Amino acid sequence: MKIILLLLLITVFGGCASKQPYTPPSTVQGLQKEQAQLNRVWMITRKILVANTPICTQTRADYGFRALLLTERGDKEQKELWTKAFDLQHQQPTITFIIPESSADKVGLRIGDVIISVNGTKWVDTTSRNEFGALLKDAQKLEKMQLGIRRGKHETKLELIAERMCDYSFMLNISKEHKAMAQERKIIVDSGAVELLKRDDELAFFISHELAHILLGHTLPERKKEIADYKMRSVVEKDADALGIRIMVRAGYDPKGAETALQSTDLIDSGPVTNFFNFHGPYMSVPERINFLRKILSK
Ligand SMILES: [Zn+2]
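In C-alpha cells, the structure reads:
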C-alpha cells in the first residue's frame, strides 16, 4: 500500500514538481525558441478564451498583439541579447507577435512595427520607458486604442477595437515534462508538452482541460484539501474532461487532438514502474479516458 501511495503522489502531483528557479536562455536562438513556444501557447489559449466568453463570469479586452519593451533595470547582457533576438530598434516598444485574424491583424499592425505613441501620448514625451510601458499596458484594458507606429521610414496611426475574452492568464513552464496545470486563475503549460505536441488541437485539449478546472471552481484555495483526496480527484478529473472537450470543440479544435495528445504523452511518460503497476495517471487509463471523451461528444 505504501508503494502505491508513493506512486500516486508522484504521478498525481508530478506536474507541480518543477520548482527550479528560472534561468533565461543565454543565446539568441534559445530566446527566440522560448518566445515562439510562448506565442504558440498564447495563440491557442487566446482562441479558447475568446470562443468561450459566454460561459466566463469575467471578461477583459484584448487586441491580439505582443510588444516587447525592455525595462530600465535589468542585466545589460540580457538586454543586448533580447535586442538582437527580436530586432528591437533603439530599444523602443516593438511588435513581436500578432494573432492571425485578431483586431491588431485586421487593422494592419505588423511584426517589427515600433510603437511611437499610445492614445496621443508620444514615446518621446514620456519621461521614462517604464512610464510609456505602463501607458501601453493601461490602454490595452480599454475598448479601443490608437497606436502611432513607425515602419521603416513611415509613420502612421492605427485605430484598434478590442475583442472580449475570458479573463484568465497563462504561463509557459520551462520543463522537460509534458503536463499542464491550473493554479487559481492561471493555466500553466510545460514547454516539454509544447515541444512534443506538434498539432495545435493536441495542445488545445490540455489547455481546455485546465480551463475547465478553473471554471468548475477546482482551483479555489478553499477546495485544495477536498480535491487532494484520491476519490474526489477522480470525480473532478472526469468533470474537467467532460467540460474541457466541449470547450475545445467550441473554439473550433478537432477533438481527435485530445486522443493523440493523450496517447503520445502516455507513451513518453509511462516509465517501467508505472507500466508494471498498470497505473496511468490520476484516474483512468488512456483507452478508458478516450472512450469517455467520445461518449461525452456523442451525447
Ligand atoms: Zn486535470
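The sequence shown begins at 1054 in our numbering and counts up one residue at a time. C-beta atoms are modelled at their ideal positions from N, C-alpha and C, and glycine is treated no differently. Predicted model only: the values in this text are computed from it and were never measured.
| Between the beta-carbon of Leu1189 and the beta-carbon of Val1171, is there less than 8 Å? | yes
| Bridge partners - Cys1219, DSSP secondary structure assignment | Thr1112
| Looking at His1231 and ligand 1, is the gap between the Cβ and the nearest heavy atom below 7 Å? | no
| message | As a quick check of your reading: which residues have a C-beta less than 6 Å from at least one non-hydrogen atom of ligand 1, in chain order? | response | His1262, His1266, Glu1290 and Ala1293
| field | Presumed contact (8 Å Cβ cut-off) between Val1289 and His1262, rounded CB distance | value | Their Cβ separation, rounded to whole angstroms, is 11 Å, which puts Val1289 and His1262 out of contact at 8 Å.
| said: Count Cβ pairs between the stretch 1089 to 1101 and the stretch 1215 to 1229 that sit closer than 8 Å; are there 3 or more? | reply: yes
| task | Compute the Euclidean distance between the alpha carbons of Ala1192 and Glu1130, then round it to the nearest angstrom. | result | 30 Å
| said: Taking the alpha-carbon of Tyr1336 as reference, which of Asp1294, Asp1307, Arg1119 and Ser1351 has the nearest alpha-carbon? | reply: Asp1294
| Cα-Cα separation, Asn1328 to Ile1321 | Residue placement at Asn1328 is poorly supported in this model, since its pLDDT is 48, which falls under 50; the coordinates still yield a value, given next. The straight-line gap from Cα to Cα measures roughly 11 Å.
| message | Check whether the stretch 1238 to 1254 and the stretch 1132 to 1150 are in contact - that is, three or more C-beta pairs closer than 8 Å. | response | no
| With 16 other CB atoms within 10 Å as the buried threshold, where does Leu1346 fall? | buried
| field | Per-residue DSSP class, three states only, for Gln1199 | value | strand
| said: Could you tell me which whole beta strand (DSSP E) segments of length 3 or greater appear in the stretch 1087 to 1134? | reply: 1112 to 1115 and 1118 to 1121
| request: Report the partner residues of Leu1213 according to the DSSP bridge assignment. | output: Met1198
| query | So who's on the other strand from Thr1174, going by DSSP bridges? | reply | Val1171
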